[in-house]
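According to the UniProt record's numbering, the sequence shown is numbered sequentially starting from 1.
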Amino acid sequence: MAKELIRLSDLFMQFDGDTILDHINLYINDQEFLTLLGPSGCGKTTTLRIIGGFQTPTSGDVFFDGQRINDVPPHKRKINTVFQKYALFTHMNIFDNVAFGLRIAKVPESEIKRRVEEALSLVNLGGYGRRSVHSLSGGQQQRVAIARAIVNRPQVLLLDEPLGALDLKLRKDMQIELKRIQQQVGITFIYVTHDQEEALTMSDTIVVMDKGNIQQIGSPTDIYNEPKNAFVADFIGESNIIDGVMLSDGVVQMYDRKFPCVDKGFAHNEAVDVVIRPEDIDIVPESEGQITGTVTEVTFKGVHYDIIVDFNGFKWLIQTTDLSPVGSRIGVKIDPDGFHIMKKSAYSGLYGDYSSYSSEYDELNDERADQEAEDEE
């Protein structure tokens, strides 16, 4: 059974009259890879900084292994941090950068040599000790920062958008590497990102945050397949989110038509949000469709096409390997388990219509989020 290592109890944080964290509660298990995921300004970095001791909450408590640590300074916590800007010492070689904390702690040189070499080997930089920081790529510098953090053998490693400065391919490679390192050293990783793919790829547990509140906690599979509200459904992957009514268990109504689904437990005729993932929709001839619409946009994505279809003025995104040209009339079919029914929330009606969809928006949003993350620092 997993052992609880960190607990955040009723954390409230205000800054200049603005609420940054709104009474959040969270526990983190020993040796867990937990990701705080959400848009810029949602409170994820503040949460990380409170755990690390760099900020003090307005109210609420932080417990580490059962002990309240609100007043324990950062250097006395069994926690290390890796930031997006690696903060390496440019006047030192790689070995001395990694050894710095051990020398401060007056660890014997023979043990320093052994532990530094172990740490560099773990991040695939064995033999790099004498090299200059300037000779390394961004990805290699990031590995040095991780080696420097884990060489002190913390129980917890905090990672604040550490891949944000890397290009896309390096990011993807490092996602795999970070998970491997975490499993190999067996310590708790708490990771902050706005990138859903990073969260889905690496995490044991994802904590989705927005506006200082936790929206959902769960495994990557649970978060993706069973989102709690329209915000989570939209933030984790692409989602068509349509107004519906649960007529009875297993029957949802949209566009004045009844569809079989697998969801139960809603009130009779309860208004709901219906989530349909783009990959769960089958395109069929118009005459065979449960509903029919007109293709308004097609984008080739390599493995599949992103197709925008207009259904009664509400535009859906469909991901398919079959091309349907712009202007064509199509039908769609959705299996009962392709529907996910959610209760109405404050986010209802804000997401899920692809009227202004462009694949370029995703890239622009990524760049904007990266810039905002740098500005926050």
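Just so it is clear, CB atoms sit at the ideal spot from N, CA and C, and this is done for glycine as well.
Quick caveat, the model's predicted, so the values are computed rather than measured.
Counting only the Cα atoms, Phe314 lies some 10 Å from Ile308. By the beta-carbon neighbour count (other beta carbons within 10 angstroms, threshold 16), Lys264 is exposed. Counting of Cβ neighbours within 10 angstroms places Ala149 among the buried residues, the total reaching 16 or more. Considering only Leu34, Phe33, Ile214 and Thr58, the residue with the shortest C-alpha distance to Asp18 is Thr58.
Excluding its 5 nearest sequence neighbours in each direction, Lys44 has C-beta neighbours in its own chain below 6 Å: Leu36, Gly38, Val192 and Met209, listed in chain order. CA-to-CA, the gap between Gly139 and Glu161 works out to about 13 Å. Around the beta carbon of Met13, 16 or more other beta carbons lie within 10 angstroms, which makes this residue buried. Going by C-alpha positions, Gln175 is about 33 Å away from Asp335.
In the three-state reduction of the DSSP assignment, Met92 falls in the coil class, being assigned neither a helical nor a strand state.
Every beta strand (DSSP E) stretch that sits fully inside the region 123 to 170 and reaches 3 residues is listed by chain position as 156 to 160. Boundaries of the beta strand (DSSP E) around Arg7: Glu4 to Phe15.
Residue range Pro220 to Asn225 is occupied by the alpha helix (DSSP H) that includes Asn225. Under DSSP, the beta-bridge partners assigned to Thr299 are Asp306.
Judged by pairs of C-beta atoms under 8 Å, the region 88 to 101 touches the region 123 to 139, as three or more such pairs exist. Exclusion of the five residues before and after Ala147 leaves Val98, Ala119, Leu120 and Val123 as the residues of its chain whose Cβ lies within less than 6 Å of its Cβ. For Met254, same chain residues with a beta-carbon under 7 Å away, outside a window of 5 residues either side, are Ile242, Gly244 and Val274 in chain order. Ile318 is not a Cβ neighbour of Ile291, given a cutoff of 8 Å. Here the region 194 to 203 makes contact with the region 223 to 242; the two share three or more CB pairs at distances below 8 Å. Annotated as proximal: Ile79 and Ile51, with beta-carbon spacing under 8 Å. CA-CA distance, Ile281 to Asp204, rounds to 28 Å.
Looking at the DSSP output, Pro260 shares a beta bridge with Val251.
DSSP places Phe64 in the strand class (E or B) of the three-state scheme. In this structure, the straight-line span from the alpha carbon of Val82 to that of Ala145 is close to 7 Å. Secondary structure at Arg329: strand, using DSSP grouped into helix, strand and coil. The residues Val262, in chain order, have a CB closer than 7 Å to that of Asp337 in the same chain once the five nearest residues on each side in sequence are set aside. Annotation for Ile50: the continuous alpha helix (DSSP H) segment containing it runs Lys44 to Gly52.
Of the residues Thr47, Gln31 and Glu4, the one whose Cα lies closest to the Cα of Ile24 is Thr47.
Contact between Arg68 and Gly53 does not hold, since their C-beta atoms are separated by about 12 Å, which reaches or exceeds 8 Å. Between the alpha carbons of Asp71 and Phe100 lies a gap of roughly 26 Å. Spatial neighbours of Glu4 in its own chain (CB-CB distance under 7 Å, excluding positions within 5 residues in sequence) are listed in chain order as Tyr27 and Asn29. Annotation for Thr201: the continuous alpha helix (DSSP H) segment containing it runs Gln196 to Met202.
The residues Gly331, in chain order, have a CB closer than 7 Å to that of Pro285 in the same chain once the five nearest residues on each side in sequence are set aside. Per DSSP, reduced to three states, the secondary structure at Leu120 is helical. Boundaries of the alpha helix (DSSP H) around Val232: Ala230 to Phe235. In the assembly as shown, Gly164 is a buried residue. Its beta-carbon has 16 or more other beta-carbons within 10 Å.
In the DSSP assignment, Gln319 is bridged to Asp306.
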